[in-house]
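Worksheet: the structure to be examined is printed underneath.
Protein chains in written order, with the working numbering: chain A, 1 to 112; chain B, 1001 to 1115.
Structure below.
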């Protein structure tokens, strides 16, 4: 069974540009989560989808971040325009109801 | 207030020895779950072990065990018989209440196993 996959693995962009991160959850997992780890700090929750609906987006930093999960399968997280403080590793996780979250390998975003 | 605290930024352990990675948590919810994840240099997050707040016994998974002290709000990870492949970042996490809720993570502990 394929795990959670994320694309790209690395992204280097300039301040002001747009970047879109993609997450493909494990097939059949209705729950999908986005997290971010800024260097040296804890991994912080961004938002949670149940199927295509946003269940909790309390962790989204500001309106430059937009997450979608059309059709309840894969999800995208767009940052527009990117700022220096957006640099970090963005993790996606998925789970069945009541089970542990399986994490993807993360996307390392560097904003110059 | 920090919900998960990991006070050891870095730890060293001799191969084949046991090591304890500390984790304390803060919640007023009577129902919660505690998790440990391992992140090797390759970057993926690997689930290691889970402890539910109502579980009577400490969780164990192979060489991993969780020393759950509810009154102290601690959930330390014990790795027995350390191996070189155990060198990685280790994150403690908590989920409050409903099973679909978000995880709160600590800042992680970097473990280095010395041959």
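Note that the Cβ used here is the ideal one computed from N, Cα and C, for glycine as well.
Using beta-carbon distances, residue 1093 of chain B counts as an interface residue toward chain A, with a partner under 9 angstroms. Inter-residue distance for residue 1015 of chain B and residue 1069 of chain B is about 27 angstroms (C-alpha atoms, whole angstroms). Residue state for residue 32 of chain A is assigned as strand, using DSSP reduced to three classes. Per DSSP, residue 1018 of chain B has no beta-bridge partner at all. Using a Cβ-Cβ cut-off of 7 angstroms, residue 1045 of chain B is close to 91, 103 of chain A, given in chain order.
Using beta-carbon distances, residue 1053 of chain B does not count as an interface residue toward chain A, since no partner is under 9 angstroms. Excluding its 5 nearest sequence neighbours in each direction, residue 52 of chain A has C-beta neighbours in its own chain below 7 angstroms: 69, 70, 71, 72, listed in chain order.
DSSP lists A:48 as the beta-bridge partner residues of residue 56 of chain A. Taking 7 angstroms as the Cβ-Cβ cut-off, the region 1053-1077 of chain B has no residue approaching chain A. Here residue 1081 of chain B is exposed: its Cβ has fewer than 16 other Cβ atoms, across all protein chains shown, within 10 Å. Within the region 1037-1101 of chain B, the runs of beta strand (DSSP E) that reach at least 3 residues and sit entirely inside it are, in chain order, 1046-1052, 1064-1069, 1074-1079, 1088-1096. Taking the C-beta atoms as reference points, residue 1087 of chain B is found no nearer than 9 angstroms to residue 1107 of chain B. Contacts with chain A at 9 angstroms (Cβ-Cβ) include residue 1042 of chain B. Taking all protein chains in view, the Cβ of residue 10 of chain A is surrounded by fewer than 16 other Cβ atoms within 10 Å, so the residue is classified as exposed. Shown here for residue 1029 of chain B: same chain residues with a beta carbon closer than 7 angstroms to its own, the five before and five after excluded, namely 1096, 1097 in chain order. Under DSSP, residue 43 of chain A takes part in a beta bridge, and its partners are A:37. DSSP places residue 96 of chain A in no beta strand (DSSP E); its state is neither H nor E.
Contacts between residue 49 of chain A and chain B, judged by CB atoms closer than 8 angstroms, are missing: the closest CB pair is about 10 angstroms apart. Residue 1071 of chain B counts as exposed, since fewer than 16 other C-beta atoms from the protein chains shown sit within 10 angstroms of its C-beta.
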